[in-house]
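One structure is given below, encoded as structure tokens.
Chains as they are written, first to last, in my numbering: chain A, 6 to 1204; chain B, 15 to 499.
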């Protein structure tokens, strides 16, 4: 208690102390450094006000920007009264017009929204000759007139004239300005002089007159105007050209264009170095984000998400080899609320987040309102139609059974040849047990199978249909001089491709406000509420899953009658068992456990729901006591509750569910975050600019997970409630977690001669998860430098190279240890279905995981070098980056020899490295007023290698302990596929038996690398007038996937390959050692393992050649893919007539497609999938629910 | 102003750093699990780990390779063909060494308290697990185990030495138990409630078992004489009907977790016990109907292995009128009265006389004639008959001498076969057939694939991965262990 108190006191002191003290101090000291006083409030009232002063006041008052050449306003004064009334006028443009009128100045509004002042052309031609007046310069020009030059200045892209361009005689302050039609006329003293043409937002040009009297000039938009604004890890805007790290920014348009209902998937293919892997096509399914390869082995592999300055949870809890596919919490966000999304890939960019930033940081800024006289209303509605995109090939030639003999309860489809059956109705025994469907059909025991009907397609269609979603979002925004707001409502309603219980609904509300109390204090708040509800369908290794049952079902079993009553005999007095499940192994429903679910039961009877309520709120108070200093206090809370309910009615598959099972799980996460940041911008000399930040962060994460389960229902069809079971069949478990970290950080950004920019930062962090035996504060330094070498004099005027920057960076980031690993704990024993609490007085045993008091964060040190180049007036833009990093002190459960009594020890033990190249290119092929054709490409390769693994041969990351798994293996990339192999000799040749068949190796080994050797995205955009067309391809090359589903289907005899027939030309011995005579036609295939072709028949496919057997390597496939990720066609209706008539700004229509085409060698699957969802492991396919392709129609109405 | 910034920056850095550390202090105490537990509760843990080891995959594989049952579906179809790799053995190996580790914790704590009774119990349990481990794996880590600080890579001790050390350990345990010191663990001892006499008998039975396995039949006989004195004193783990709680692990496997993977199709034991089989071992004095049906069942299309004979998992608790050998709540045998009697018979036949051995066999038959270990639901419904044999039955032409060999050999053959069919449900059968493989009278289980039976388990992949002392390459499953060479 005492300690607590001291802590909180200490914290309060630091925070309040600093805040209050510094604020007070700064306010007090502002007497001498106070900003220029408002002329309106100053003590004396001069008759005239300097126009420059007025404009400053005007800019602040209306929050507009006004650009002008200094000469224009030098010594120009306006009446005080006029100025005062103008400032009180609400109409910005009217006011400007009025104030400028008397001074022969005009303005125009730029596309970016700021105002540009220029001299009225007429005035220039006949400048007044009054000496000492503002127009003195021009007077001089006219006095010394020697030579006349005139011309038109046009924009390079649009070809339109540019008014307001300053034309100066080089070396003097004499010049003129173009008129509204872009024309200028100037008289110069020397026909061999040089003219300088400059205009805000455009590249200045110097042209030697050389005796010409007409000089028409084409200006190109300047680098500065093009210069992207990027957001730093702390949420501050910076010029992309001034940072020494590579950034990937994804615009709100690109996110919207993807037509994905979930945010993470919409990022796919759009940035180099970023790999998005979806789990499967389930609505709301989680997806994994990987930035620059794997950076951890056992920690979280997902980047930190910062939204409006505060971290938000992107957890995906419960991803496993079975169960259902869970969601990613980042997808709670309404994509339409996002203004910009930026991915900080490198360590240097992310370093301020210390031990949470090793996987990169995603910085999201949500939309805010814009000032304006009207409210902006935007309504968007999308409809998507989704279809299953890939299907496993299935054989329809052979029926249920074994050894070529039909058996209606057999597990496998190695039965008789269906075409050899008699045809017609099956012969049945009507005197025995039967199954009665609700609509009166009776199924009796089959005594002779006659029917030749097959049902592979109808079975498929009984569970899969057309999925669809409807995504509506409405936003209102606007604001006045003090406050702006953005309000949005979003609603997504999605029905998956799986019929019935597979859906996702999300409703979001957001209200963002910016309020400016005065020039010193600003408050921004962002508040959002998200609600989602989703029904999930079992997938993967799960007898209650969808595909596991469906793909094992023999082709001659019709699964559509899945539920009914079982009569044990034909005696009319026999009471039926009501509501039995009918499955292919229990076609009469003659067993409580159907063994594998009938997929129709899975989608109709079982439920697995997840309901999420989430509040994500942040606030930011900015106090600016002096112009060059801001004190920013930023706090936020992310809180959600995920309530999951699972209900298996009685007679569901699996021993645990056949008697009914119900569970409810409540997961709560709460993350509090507070930053206090001081930010100063002060130039050291006019040529050395500087921005400095010091800040303090405290972050607290609480997690609570409570699970109650019952089975063996007392009442078969009772509602899901814990009272419906005996106490012995009721289990409750819970897990709590609290992690806190505190961080101090400082940054300095220095700019030298507008050419070299140096950014440095240092964060010192303590976290509750660090071991008490190790040091408790760790430091994360970073630095980057950017050199705009095209600002060097000799390079400044290169025609082809418009802009060039070299950059280099260095940074250290980390991954925190898991909490509560300091001590070895005792747990209630649970092994082989035995639970300690049922024996004696309970059985508490020492955990096999040894505690460790010396835990440190994993530390990643990264170097990055790169260049950003822009050619041909920015038409071709390229960014190249090379990075390499080393992650040291990787935390992992070091495997101990079980004979030591401990199986694992969590320790900082391993080391890995990543090296990679990233390339981003974009090229504007055509850029005219009506046409715009552009291409963009991104490419990257990453080489990941585990340098050391503390002597442990392999660590399971995900998958099956004894089957195919994704592992960490020394000397290999993280996630390498691992499993049983064929026996090989010293030369890696298969060791074959006498018959020519391979044998199983007693030890498992590496099967392939699921990480691609490279990936890339290629996009194209064509805009013609109001039409727009976009296309995006993505490719993922040289990655191996474990297609275990195929292997299992081989064993079950349902795969298309197992429906083949071969005729023997010679007698052959099958795997079981049986000789099959020449001339025989056998169901199977030939394969040559090295000693000539051997016959693969049932005896092979159900044992060594089975996906259930010990050799999993035979089911790895080339998982490379290329896909048409997105394609869209849009039209914007915004003609003047339309706007006047409807009062609407615009209406956008678009039609788009997602994942319309896939090129891959993998069979039956989309290799972009992962059995274990969002996990470090990857590359596993095992009855994963299928992927989708979609068509989308969108209409957006803007008022 | 500048001075202020400078000072406040340094002050902040200083206060802040202390602040940072104190803010996060003390939050890393595990709120979910304790860091210590009473030794009594860990003792129960030792007993359950030992149960899990013997009744889990180790039994399923040993039983499969001993011809008690067959793997017919999925992974088990391949294990049935002796196709298996080291990964599969991870949980089994781990369970064995957890018995030792948790026993060590109990012993260390009891050492402080001076409770030799509990130390003795812990030693017996450790000897049980390590004995089975060396029987199925051969050389195993033993002298350097359960001490990760000093021995992160425990060496593999030769099998023969492990057996010798287990005899010493059991001697110690008997001395500890008989020392009279130490309070009883009470109900935390799930077998005997701390009863020293019963534990000592179990220790002797284990000693006799290990002498049998190392073919020291003289000592095996003398230890067996001091062994488990009655069926009620057998060490069997009680099971119940709670799913994932206390169900019989074999039941759980057959009927809950891996339904249909294992059947009794082609089971050699079934062929011996099935009255309808050509190789039926019954005769005028022996009716195996009850035992056969207790062990095996064919439920036709309602069975998990559709239409095949299966290990009998029928349970009264599951609505059946019968309790099979693997019923939900069937007790799992670890050290039994049956074993003791049959050890006396076999060791007697080898080292004493025909008469002594026959007398022991008849004691066993008399026990079986009253139902023996067969569940009462079967002895009520099916004929049980195990009349005493006479010397003449083993003479050439006698009812138990079908091969025309000497009566001593015929008796040994009968005793070995009796052991074989009696040990259905235990790993002992797998050990027996390997021990007697070279003897003409041994039970000759025909291999189902190739021409040789597996001789051992593979070392677990986890041990291969992490213990630098693991033999490389690891011996394959057909390599004989030292004692059987």
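Positions of the beta carbon are idealized from the N, C-alpha and C atoms, including for glycine. None of the values given here were measured: they were computed from a predicted structure.
- Quick one: which chain A residues come within Cβ less than 9 Å of residue 111 (chain B)? Along the second chain, one-based indexing puts residue 111 (chain B) at 97. Correct list: 902, 903, 904, 905, 906 and 908.
- How is residue 396 (chain B) classed by DSSP in three states: helix, strand or coil? Within the second chain, the letter at position 382 stands for residue 396 (chain B). Coil.
- Item | 6 Å Cβ shell around residue 26 (chain A) - same chain, five flanking residues per side excluded | Taking the first chain and counting its residues from 1, one reaches residue 26 (chain A) at position 21. Any reading at residue 26 (chain A) must be qualified, since the residue scores a pLDDT of 37, below 50, and its modelled position is unreliable; no value is offered.
- In the structure shown, what three-state DSSP assignment does residue 495 (chain B) receive? Residue 495 (chain B) sits at position 481 when you count from the first residue of the second chain. It is coil, neither helix nor strand.
- Item | The beta strand (DSSP E) enclosing residue 189 (chain A), as first and last residue numbers | Numbered from its first residue, the first chain carries residue 189 (chain A) at position 184. Its beta strand (DSSP E) spans residues 188–193.
- Message: For a test of the three-state rule: what should DSSP assign to residue 2 (chain A), helix, strand or coil?
- Response: It is not possible to answer for residue 2 (chain A), since the shown part of chain A is limited to 6 through 1204.
- Proximity winner among A:745, A:741, A:536 and A:558, relative to residue 645 (chain A) (alpha-carbon distances): Working through the first chain from its first residue, we reach residue 645 (chain A) at position 640. The option with the nearest alpha carbon to residue 645 (chain A) is A:536.
- Is there at least one Cβ from chain B nearer than 8 Å to residue 851 (chain A)'s Cβ? For the purposes of this step, residue 851 (chain A) is taken as residue 846 along the first chain, with counting starting at 1. Yes - at least one Cβ of chain B is within 8 Å of the one on residue 851 (chain A).
- Neighbourhood of residue 406 (chain B) by C-beta, 7 Å cutoff - its chain only, sequence neighbours within 5 removed: Here residue 406 (chain B) corresponds to residue number 392 of the second chain, with the count starting at 1. Taken in chain order, the residues that qualify are 412.
- In chain order, which alpha helix (DSSP H) runs of at least 4 residues are fully inside the segment 30–104 of chain B? 53–69, 71–79 and 88–94
- Query: For residue 325 (chain A), which residues from the same chain have a beta carbon less than 7 Å from its beta carbon, with the 5 sequence-adjacent residues on both sides left out?
  - Reply: Counting from one through the first chain, the residue named residue 325 (chain A) turns up at place 320. Taken in chain order, the residues that qualify are 1177.
- Query: At a Cβ threshold of 8 Å, is residue 36 (chain A) touching chain B?
  - Reply: For this step, residue 36 (chain A) is matched to residue 31 along the first chain. Because residue 36 (chain A) sits at a pLDDT of 40, beneath the cut-off of 50, its placement in the model cannot be relied upon, and the following sentence gives the value as read from the coordinates. So no, residue 36 (chain A) is outside the interface.
- Message: Taking the alpha-carbon of residue 1140 (chain A) as reference, which of A:100, A:168, A:731 and A:1030 has the nearest alpha-carbon?
- Response: Taking the first chain and counting its residues from 1, one reaches residue 1140 (chain A) at position 1135. If we check each option's Cα against that of residue 1140 (chain A), A:1030 comes out closest.
- Message: For a minimum of 4 consecutive residues, which ranges assigned as the alpha helix (DSSP H) are wholly contained in the segment 348–409 of chain A?
- Response: 352–355
- Query: Does the Cβ-Cβ distance between residue 585 (chain A) and residue 371 (chain A) come in under 8 Å?
  - Reply: Locating residue 585 (chain A) in the first chain gives position 580, where the first residue counts as 1. Locating residue 371 (chain A) in the first chain gives position 366, where the first residue counts as 1. No, Cβ-Cβ distance for residue 585 (chain A) and residue 371 (chain A) is not below 8 Å.
- Residue-chain proximity (residue 88 (chain B), chain A), Cβ-Cβ < 8 Å: Counting from one through the second chain, the residue named residue 88 (chain B) turns up at place 74. It does: the Cβ of residue 88 (chain B) has a partner Cβ on chain A nearer than 8 Å.
- Going by CA-CA distance only, name the one from B:291, B:459 and B:494 that's closest to residue 84 (chain B). Translated into positions along the second chain, residue 84 (chain B) becomes position 70. Considering only alpha carbons, the answer is B:459.
- Task: Tell me whether residue 151 (chain B) sits in a helix, a strand or coil according to DSSP, three-state version.
- Result: Against the second chain, residue 151 (chain B) aligns to sequence position 137. Note: residue 151 (chain B) maps to helix in three-state DSSP.
- When you check each C-beta in the segment 445–479 of chain B against every C-beta of chain A, which residues fall closer than 8 Å? 472, 474, 475, 476, 477, 478 and 479
- Thinking just about the alpha-carbon of each residue, which of B:399, B:291 and B:118 is nearest to the one in residue 162 (chain B)? Here the question's residue 162 (chain B) lines up with position 148 in the second chain. The residue with the shortest Cα to Cα distance from residue 162 (chain B) is B:118.
- Do residue 303 (chain B) and residue 289 (chain B) come within 8 Å of each other at the CB atom, strictly closer than that value? Taking the second chain and counting its residues from 1, one reaches residue 289 (chain B) at position 275. Taking the second chain and counting its residues from 1, one reaches residue 303 (chain B) at position 289. Against a cut-off of 8 Å, the Cβ pair of residue 303 (chain B) and residue 289 (chain B) comes out as a contact.
- Message: Please identify the residue among A:425, A:334, A:463 and A:471 whose C-alpha is closest to the C-alpha of residue 390 (chain A).
- Response: Residue numbering aside, residue 390 (chain A) sits at position 385 when the first chain is read from its first letter. Selected option, being the one with the closest Cα: A:471.
- Query: Does the segment 841–850 of chain A come close enough to the segment 875–885 of chain A to have 3 or more Cβ pairs within less than 8 Å?
  - Reply: no
- Any beta-carbon of chain A closer than 8 Å to the one on residue 92 (chain B)? In the second chain, the residue the question calls residue 92 (chain B) occupies position 78. Yes, residue 92 (chain B) lies at the interface with chain A (some Cβ there is under 8 Å from its Cβ).
- Task: Just grab the DSSP bridge partners of residue 507 (chain A) for me.
- Result: For the purposes of this step, residue 507 (chain A) is identified with residue 502 of the first chain, where counting begins at 1. DSSP output for residue 507 (chain A) lists no bridge partner at all.
- Is the segment 412–421 of chain B touching the segment 382–397 of chain B, taking contact as three or more C-beta pairs under 8 Å? no
- Query: How many angstroms separate the CA atom of residue 709 (chain A) from the CA atom of residue 45 (chain B)?
  - Reply: The sequence position of residue 709 (chain A) within the first chain is 704, counting from 1. The sequence position of residue 45 (chain B) within the second chain is 31, counting from 1. Residue 709 (chain A) and residue 45 (chain B): Cα-Cα distance of roughly 11 Å.
- Item | Whole-Å CB distance - residue 795 (chain A) paired with residue 801 (chain A), under 8 Å assumed | Taking the first residue of the first chain as 1, we reach residue 795 (chain A) at position 790. Taking the first residue of the first chain as 1, we reach residue 801 (chain A) at position 796. About 7 Å; that satisfies the 8 Å criterion.
- Message: Strictly below 8 Å CB to CB, what residues from chain A border residue 266 (chain B)?
- Response: Here the question's residue 266 (chain B) lines up with position 252 in the second chain. By Cβ distance, chain A contributes 660, 837 and 838.
- Task: Measure from the C-beta of residue 217 (chain B) to each C-beta in chain A and report whether the shortest distance is under 8 Å.
- Result: For the purposes of this step, residue 217 (chain B) is taken as residue 203 along the second chain, with counting starting at 1. For residue 217 (chain B), the answer is no, since every Cβ of chain A falls outside 8 Å of its Cβ.
- Can at least three beta-carbon pairs, one atom from the segment 457–474 of chain B and one from the segment 146–155 of chain B, be found at a separation below 8 Å? yes
- Using three-state DSSP, classify residue 294 (chain B) as helix, strand or coil. The residue given as residue 294 (chain B) occupies position 280 in the second chain. Coil at residue 294 (chain B), not helix or strand.
- Item | Chain-ordered neighbours of residue 979 (chain A) on chain B, where CB pairs are closer than 8 Å | If you number the first chain from 1, residue 979 (chain A) lands on position 974. Near residue 979 (chain A) there are no residues of chain B at all, since even the closest Cβ is about 17 Å away, more than 8 Å.
- Message: Quick check: the segment 741–755 of chain A against the segment 696–705 of chain A, are at least 3 beta-carbon pairs closer than 8 Å?
- Response: yes
- Query: How should residue 994 (chain A) be labelled, buried or exposed, when 16 other C-beta atoms within 10 angstroms of its C-beta is the threshold for buried?
  - Reply: Here the question's residue 994 (chain A) lines up with position 989 in the first chain. When all chains shown are included, residue 994 (chain A) counts as exposed.
- Query: Beta carbon of residue 86 (chain B), beta carbon of residue 301 (chain B): below 8 Å?
  - Reply: Looking up residue 86 (chain B) in the second chain gives position 72. Looking up residue 301 (chain B) in the second chain gives position 287. Contact: no.
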